[in-house]
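Each residue of the sequence shown is one higher than the one before, starting from 4 at the first, in the numbering used here. Just so you know, even glycine gets a beta-carbon here, dropped at the ideal spot from N, CA and C. The structure appears below as C-alpha cells.
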Amino acid sequence: LIKWHMLKKRGFTLIELLVVLAVIGVLSTLAILAIGSTNRKARDIKRLADIGRLQNNLYLFYTEQNSYPIGKNVILGLGNARCLGAQGWGAAGCANPIMSVVPMSPDEATPYVYTGSSSTYVITTKLEGEMDGLKGTVKATPSSMSGE
Numbered sequence: 004l005i006k007w008h009m010l011k012k013r014g015f016t017l018i019e020l021l022v023v024l025a026v027i028g029v030l031s032t033l034a035i036l037a038i039g040s041t042n043r044k045a046r047d048i049k050r051l052a053d054i055g056r057l058q059n060n061l062y063l064f065y066t067e068q069n070s071y072p073i074g075k076n077v078i079l080g081l082g083n084a085r086c087l088g089a090q091g092w093g094a095a096g097c098a099n100p101i102m103s104v105v106p107m108s109p110d111e112a113t114p115y116v117y118t119g120s121s122s123t124y125v126i127t128t129k130l131e132g133e134m135d136g137l138k139g140t141v142k143a144t145p146s147s148m149s150g151e
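This is the structure in C-alpha cells:
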C-alpha cells in the first residue's frame, strides 16, 4: 500500500510552479529588451558606415567632375538615386558608376536625404541612439559629420 504522505511529496506545489513561470517570464522580457537594443545599435552602425561610404564616393565624384551632384531632398537608395555615375544620381545601372549601388537606410522612417549644389552637399539621417558622440539628426558635409 502507498501511504498518503508519500503521494503528497511527489510533485511541485502550485506556488512553486507559479514562481518558476514568473522567473522565466522576467528572464524572457530581459532577453527581448537586450535584443531590441542590439538591433538599434546595429542599425545606427550601418547608418554611420553608409554615410562615410557616401562621403568617400562623393569626394571621388567631385575629383572627376569638379562639382557635386545637384539635387534637393533626394532620397538615397531609392527611385532615381540608386547609383552614382558621371551624370550624378541615377536609377540602377549607371554607366561608368562611381557607386553602382547607393546604400539605403535600414529603416524607412529615417532615410538618407541628400541636398547638394555644385560646391557642397548635406546628407541627413537620424540615429536611434548615441553612437561615436553623435545622436539625433546627423548631417554629413564634404568635410565633417555632426549630430545634435
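At what residues does the alpha helix (DSSP H) containing residue i begin and finish?
i	result
A25	17-68
Identify whether residue i lies in helix, strand or coil by the three-state DSSP scheme.
i	result
I101	coil
S122	coil
N83	coil
M107	coil
S146	coil
T113	coil
E131	strand
I73	coil
G14	coil
G96	coil
G136	coil
Looking at C-alpha atoms only, which residue of the options is the closest neighbour of residue i?
i	options	result
V116	V77, E133, N83, G88	V77
A95	T144, E131, G80, P109	G80
T66	T41, E151, S149, P145	P145
T118	E111, A89, V23, T128	T128
P100	S108, D110, A89, L20	A89
I73	V22, T16, M102, W92	W92
A52	A98, N83, V105	V105
R85	S70, K75, S103, E131	S103
P114	M148, I54, M134	I54
N83	S70, C97, A37	C97
V141	Y71, N69, S120, I48	I48
A112	V29, R50, L87, L137	R50
T41	F15, L21, E131	E131
Output the boundary residues of the beta strand (DSSP E) element that contains residue i.
i	result
G93	91-93
- prompt: Quick check: the stretch 53-69 against the stretch 118-128, are there 3 or more CB pairs under 8 Å?
  reply: yes
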